[in-house]
């Protein structure tokens, strides 16, 4: 039997209208729609596409493992690798029946997206295709109304999980910067931005493009409840004189 | 009279299916569609949306100035600033009549897009909105089938116009890199990639996501005819072991 196709579908930053035409077409055509989610939580990616899901769709939830006790980072890495192995196996079983699967991914699948762990495990055995999506980094700049990069400016994306000194160095070396995965790292990120000397043009954003979107100067952001998908956007200084 | 709204509409990397649902809706709703283009050439952005343009649309071509003799960089900067002033004036005249204008932009309007020069000149006087689009940088990674960034990796976008030593330093400091505006800078870019020690995982792409797309190892790319919108994508070394 001809195996099904596996699509890694970027669903964009959150606003359902920022889905691409291709993402909508594939969602409507694929009998099985898979997505990662935390235990007991609605998938953010599923929420973006919910108006395109119908009763005929089979949904496959790939629920991240919960640990019942504190485990070290290497133990959790092993847990995660096993989880991705199992998830790939579940997707493969559907593909083996000749059925196409759309794997949803917030933003873009190859830009800090979990889909890449399935891609790595499946793309050598099954026809696979990645549908790029609008990254939240670009959507953040659109929400701010501030250009990210022009001419010869250097644009960098960093993870808020990085150590403080690496964040500071990365910020100082670029003209415009987006820090993703801010969440619990907000205080560390703000310190790094301040030390890099660009706090005055840094903004904190959460749920960009969604109705509950929050935007404020980073200097005023309170780290107590920053969600994992919050980010910091630092447009270039040149943006004000274009 | 209530002025019209000015939309900076990202049309994505080239494949018309990578337009967002919002871009399509606004294109169909705006009576005037404006776009930048070079003299005597079809606009790339217009080509992406041509199936959505109808006889009722008024098209506004914003044609970059041609110089009949060689001019220095500062003279050309002045010419360009005048051109953007004139273009903003033309758009403003339509907005003043209460008519909405969609300004098309390849990729994303705030990511190396010319729309930002209009935004700077109009957004304080007219209601303006930026519709983010799929960046060619992300589309390039999708075409390659190689993840761009995961976990704590540092992702950087550079312009091929940068001096060689800045390119080399920027490439060496990041885990994954996209170099935009390669074109006539291809030989310089390849040298910088080689000196940064990552030529073995660097790819050259032109017209990504379009039928005439070209993809090859950067080591094999010939700079003779590289178009302005060609790029170099260097996925992270970690991408092979996810």
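Residue numbers (the working numbering), protein chains in the order written: chain A, 562 to 803; chain B, 562 to 803.
We put the beta carbon where it would ideally sit given N, CA and C, even for glycine.
Since the model is a prediction, treat every value here as computed from it, not as a measurement.
Cβ pair count under 8 angstroms reaching 3, the region 778–785 of chain B against the region 730–750 of chain B: yes
Please report how far the alpha carbon of residue 680 of chain A lies from the alpha carbon of residue 685 of chain B, in whole angstroms. Taking the first chain and counting its residues from 1, one reaches residue 680 of chain A at position 119. Taking the second chain and counting its residues from 1, one reaches residue 685 of chain B at position 124. Cα to Cα, residue 680 of chain A sits roughly 45 angstroms from residue 685 of chain B.
Does DSSP classify residue 672 of chain A as helix, strand or coil? Within the first chain, numbered from 1, the residue matching residue 672 of chain A stands at position 111. It is a strand residue.
How big is the Cα-Cα spacing for residue 799 of chain A and residue 737 of chain A? Indexing the first chain from 1 puts residue 799 of chain A at position 238. Indexing the first chain from 1 puts residue 737 of chain A at position 176. Going from the Cα of residue 799 of chain A to the Cα of residue 737 of chain A covers about 9 angstroms.
Looking only at its chain, what residues have a beta carbon closer than 8 angstroms to the beta carbon of residue 569 of chain A, apart from the 5 residues adjacent to it on each side? The sequence position of residue 569 of chain A within the first chain is 8, counting from 1. The answer, listed in chain order, is 664, 666, 670, 671, 674, 676, 677, 679, 680, 689, 690, 691, 692.
8 angstroms Cβ cutoff, residue 793 of chain A in contact with chain B: The residue given as residue 793 of chain A occupies position 232 in the first chain. False, the Cβ-Cβ gap to chain B never drops below 8 angstroms.
Classify residue 796 of chain B: buried if its beta carbon has 16 or more other beta carbons within 10 angstroms, exposed otherwise. Here residue 796 of chain B is taken as the residue at index 235 of the second chain, counted from 1. Buried.
Could you tell me whether any Cβ in chain B is nearer than 8 angstroms to the Cβ of residue 628 of chain A? As a working note, residue 628 of chain A is residue 67 in the first chain. Output row for residue 628 of chain A: interface = no.
With a 10 Å radius around its C-beta and 16 neighbouring C-beta atoms as the bar for buried, classify residue 777 of chain A as buried or exposed. If you number the first chain from 1, residue 777 of chain A lands on position 216. Residue 777 of chain A is exposed by the Cβ-count criterion.
Residue 588 of chain A at chain B interface by Cβ criterion, 8 angstroms: Walking along the first chain from the start, residue 588 of chain A turns up at place 27. Taking Cβ atoms only, chain B never reaches closer than 8 angstroms to residue 588 of chain A, which makes this a no.
By the DSSP assignment, the beta strand (DSSP E) with residue 778 of chain A in it spans what residues? The residue you call residue 778 of chain A lines up with position 217 of the first chain. Here the beta strand (DSSP E) through residue 778 of chain A covers 775–778.
I want to verify the contact list: residues of chain A whose CB lies under 9 angstroms from the CB of residue 746 of chain B, in sequence order. Residue mapping note: residue 746 of chain B aligns to position 185 of the second chain, counting from 1. The contacting residues do not exist; residue 746 of chain B stays about 11 angstroms from chain A at best.
Residue 599 of chain B, DSSP secondary structure in three states: Within the second chain, the letter at position 38 stands for residue 599 of chain B. Correct three-state label for residue 599 of chain B: coil.
Pull the bridge partners of residue 570 of chain B from the DSSP assignment, please. The residue given as residue 570 of chain B occupies position 9 in the second chain. Looking at the DSSP assignment, residue 570 of chain B forms a beta bridge with B:665, B:692.
Taking only beta-carbon positions, decide if residue 575 of chain A is within less than 8 angstroms of chain B. The residue labelled residue 575 of chain A in the question sits at position 14 within the first chain. Chain B contact via Cβ: absent.
Measuring alpha carbon to alpha carbon, tell me which of B:601, B:756, B:770 ends up nearest residue 623 of chain B. Reading the second chain from its first residue, position 62 is the one you call residue 623 of chain B. Checked all of B:601, B:756, B:770; the closest Cα to residue 623 of chain B is B:601.
Strictly below 7 angstroms CB to CB, what residues from chain A border residue 719 of chain B? As a working note, residue 719 of chain B is residue 158 in the second chain. Those within 7 angstroms of residue 719 of chain B in chain A are 715.
Going by C-alpha distance, which of B:613, B:584, B:641 is nearest residue 597 of chain B? Locating residue 597 of chain B in the second chain gives position 36, where the first residue counts as 1. Closest option to residue 597 of chain B, Cα to Cα, is B:641.
Quick check for students: name the residue ranges of the alpha helix (DSSP H) that lie wholly in the region 725–767 of chain A, counting only runs of 4 or more. 725–733, 747–756
Give the interface partners of residue 669 of chain A over in chain B, defined as CB-CB distance under 7 angstroms, in chain order. Numbered from 1 along the first chain, position 108 holds the residue referred to as residue 669 of chain A. The answer, in chain order, is 699.
Would you tell me roughly how many angstroms separate the C-alpha atoms of residue 656 of chain B and residue 584 of chain B, rounded to the nearest one? The residue labelled residue 656 of chain B in the question sits at position 95 within the second chain. The residue labelled residue 584 of chain B in the question sits at position 23 within the second chain. Roughly 19 angstroms between the two C-alpha positions.
According to the Cβ coordinates, are residue 574 of chain B and residue 668 of chain B closer than 8 angstroms? Here residue 574 of chain B corresponds to residue number 13 of the second chain, with the count starting at 1. Here residue 668 of chain B corresponds to residue number 107 of the second chain, with the count starting at 1. Yes.
Between the alpha carbons of residue 722 of chain B and residue 743 of chain B, how many angstroms are there, rounded? For the purposes of this step, residue 722 of chain B is identified with residue 161 of the second chain, where counting begins at 1. For the purposes of this step, residue 743 of chain B is identified with residue 182 of the second chain, where counting begins at 1. Computed Cα separation, rounded: 7 angstroms.
Residue 571 of chain B beta carbon less than 8 angstroms from that of residue 706 of chain B: One-based indexing of the second chain puts residue 706 of chain B at position 145. One-based indexing of the second chain puts residue 571 of chain B at position 10. Cβ atoms of residue 706 of chain B and residue 571 of chain B: not closer than 8 angstroms.
Interface residues of the region 635–650 of chain A facing chain B [CB-CB below 8 angstroms]: none
Is it right to say residue 765 of chain B is buried, meaning 16 or more other beta carbons lie within 10 angstroms of its own, or is it exposed? If you number the second chain from 1, residue 765 of chain B lands on position 204. Its Cβ being crowded by 16 or more others within 10 Å, residue 765 of chain B is buried.
Distance check for residue 639 of chain A and residue 632 of chain A, CA to CA, integer angstroms please. What you label residue 632 of chain A is simply residue 71 of the first chain in a count that begins at 1. What you label residue 639 of chain A is simply residue 78 of the first chain in a count that begins at 1. Each residue's Cα considered, the two are about 11 angstroms apart.
Using a C-beta to C-beta distance shorter than 9 angstroms, which residues of chain B count as neighbours of residue 684 of chain A? Position 123 of the first chain, counted from the first residue, corresponds to residue 684 of chain A. In chain order: 706.
Counting only the same chain and skipping the five closest in sequence on each side, list residues whose C-beta sits under 6 angstroms from that of residue 789 of chain A. The sequence position of residue 789 of chain A within the first chain is 228, counting from 1. Excluding residues within five positions, the ones whose Cβ falls inside 6 angstroms are 744.
Determine the chain A residues that contact residue 578 of chain B at a beta-carbon separation under 8 angstroms, and present them in chain order. The count along the second chain starts at 1 and reaches residue 578 of chain B at position 17. Under the 8 angstroms cutoff, chain A gives 581, 582, 583, 586.
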